[in-house]
Amino acid sequence: MAQTLRPPLIAGNWKMNPATADEAETLAKDVMAGVGPAADVHVAIAPAFVHLQRIDLVLDGSPIGLAAQNMHWMPSGAYTGEISAAMLQDAGCTHVILGHSERRHGLGETDADVNRKLHAALAAKLIPIVCVGETRAEREADHTRDVVATQLEGSLAGLEADLAPGVVIAYEPVWAIGTGLNATPEQAQEVHAFIRAKLSERLGAATAARVVVLYGGSVKPDNALELLGQADVDGALVGGASLKAADFLAIIAAARTAAAHKRGAAR
Ligand code: PGA
Numbered sequence: 029m030a031q032t033l034r035p036p037l038i039a040g041n042w043k044m045n046p047a048t049a050d051e052a053e054t055l056a057k058d059v060m061a062g063v064g065p066a067a068d069v070h071v072a073i074a075p076a077f078v079h080l081q082r083i084d085l086v087l088d089g090s091p092i093g094l095a096a097q098n099m100h101w102m103p104s105g106a107y108t109g110e111i112s113a114a115m116l117q118d119a120g121c122t123h124v125i126l127g128h129s130e131r132r133h134g135l136g137e138t139d140a141d142v143n144r145k146l147h148a149a150l151a152a153k154l155i156p157i158v159c160v161g162e163t164r165a166e167r168e169a170d171h172t173r174d175v176v177a178t179q180l181e182g183s184l185a186g187l188e189a190d191l192a193p194g195v196v197i198a199y200e201p202v203w204a205i206g207t208g209l210n211a212t213p214e215q216a217q218e219v220h221a222f223i224r225a226k227l228s229e230r231l232g233a234a235t236a237a238r239v240v241v242l243y244g245g246s247v248k249p250d251n252a253l254e255l256l257g258q259a260d261v262d263g264a265l266v267g268g269a270s271l272k273a274a275d276f277l278a279i280i281a282a283a284r285t286a287a288a289h290k291r292g293a294a295r
């Protein structure tokens, strides 16, 4: 069957870094300077909330997307410390990361929370990047597929097929995040193919073939090409390596190379 070509996306999750807006601006400028025309590889960066507006000004006119790392599902009201989808859109965001494992496991975020956020994000025309992934104990107990299937089902509940291609999924095995221990390309491909099969059951094969599925967890310049070369790995959600412009740019270059190979193979 002909392979559907999905535009690769490389997203940098800056987490609670860097400490100052000046440093964030420098990092964004360095990424911008090196990224080149981003038509073949979509790129997004996710600074901390307080740096979003400043980075939006920096990115003005650039094809680099601006992502938030979280949001609340309610449109407004008495939710101390929270940020709405409309606020993110007003701050210039194009994407929002939802259900990152550091929120699921560190802060008790549930699939139902992620699902409410998904619908609010889509209503505000933000592209949600929905994270799923198993812990080490779950993988060792051979529960990876069950865990990922449950997270997908809960997080994407009520998602209509026509909106699904506007959603990005990020498979991030928890044991690979920030550990330097990435999933092997084979492990990543296996779960990505499983995710696409699950999406296909729910949304139909044609729609599932259009959904971009990222891999995240210790993606570095030296493992990016092999991971991104896998048929169902459409890009990466990059944490640590996105804080060094040279490393992040090397990962973007690897995505470009992998996409060219995939285009060649699809001909
Ligand atoms: P890492 O983080 O690249 O530092 O492992 C990935 C993530 O948390 O999205």
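To convert, note that position 121 of the sequence shown is 149 in this note's numbering; the numbers rise steadily by one, no gaps.
All residues carry an ideal CB built from backbone N, CA and C; glycine is no exception.
Remember, predicted model here, so these are calculated numbers, not experimental data.
Practice task
With hydrogens ignored, establish whether the beta-carbon of G206 is closer than 7 angstroms to any heavy atom of the ligand PGA.
Solution key: yes
Handout entry: Whole-angstrom distance between R173 and A68, CA atom to CA atom
Key = The residue you asked about is not Ala; residue 68 is Asp in the sequence shown. Each residue's alpha carbon lies about 31 angstroms from the other.
Exercise for the section: Run through the region 121-183 for me and flag every whole alpha helix (DSSP H) of 4 or more residues, listed as ranges in chain order. Expected result: 129-135, 139-151, 164-168 and 172-183
Practice task
Could you check the C-alpha separation between L135 and A293 for me, to the nearest Å?
Solution key: 43 angstroms
Problem - L33 in three-state terms, based on DSSP - result: coil
Exercise for the section: Look up L265 in the DSSP assignment and say whether it is helix, strand or coil. Expected result: strand
Problem - Distance between L253 and V78 (C-alpha atoms, nearest Å) - result: 33 angstroms
Handout entry: DSSP state of N210 mapped onto helix, strand, coil
Key = coil
Practice task
Following the continuous alpha helix (DSSP H) through H70, name the residue where it begins and the one where it ends.
Solution key: Note, H70: premise wrong, no alpha helix (DSSP H); beta strand (DSSP E) at H70 to A74.
Practice task
Return the CA-CA distance between A278 and A106, expressed in angstroms with no decimal places.
Solution key: 43 angstroms
Practice task
Leaving out five residues on either side along the sequence, give the residues of the same chain with a beta carbon under 8 angstroms from the beta carbon of A47.
Solution key: none
Practice task
With a threshold of 16 other CB atoms inside 10 Å of the CB of K145, please say whether the residue is buried or exposed.
Solution key: buried
Handout entry: Start-to-end residues for the alpha helix (DSSP H) that takes in I83
Key = L80 to V86
Problem - Beta-carbon spacing of S129, I205 below 8 angstroms - result: yes
Handout entry: Beta carbon of L11 nearer than 8 angstroms to that of A216
Key = Outside the modelled stretch of the chain, which goes from 29 to 295, sits residue 11, for which no answer is possible.
Exercise for the section: Please indicate yes or no: does the CB of L265 lie closer than 7 angstroms to some heavy atom of the ligand SAH? Expected result: This structure lacks the ligand SAH; its bound ligands are the ligand PGA.
Handout entry: CB contact flag (L231, L265, <8 angstroms)
Key = no
Handout entry: Run of the alpha helix (DSSP H) containing G93, from where it starts to where it stops
Key = Careful: G93 lies outside any alpha helix (DSSP H), inside the beta strand (DSSP E) at G93 to A96.
Exercise for the section: May I ask you to check if the CB of E200 is nearer than 7 angstroms to at least one heavy atom of the ligand PGA? Expected result: yes
Practice task
Have a look at G120, V239 and K57 and flag the residue whose alpha-carbon is nearest the alpha-carbon of G263.
Solution key: V239
Practice task
Just the C-alpha distance for C159 and I125, rounded to the nearest angstrom, thanks.
Solution key: 7 angstroms
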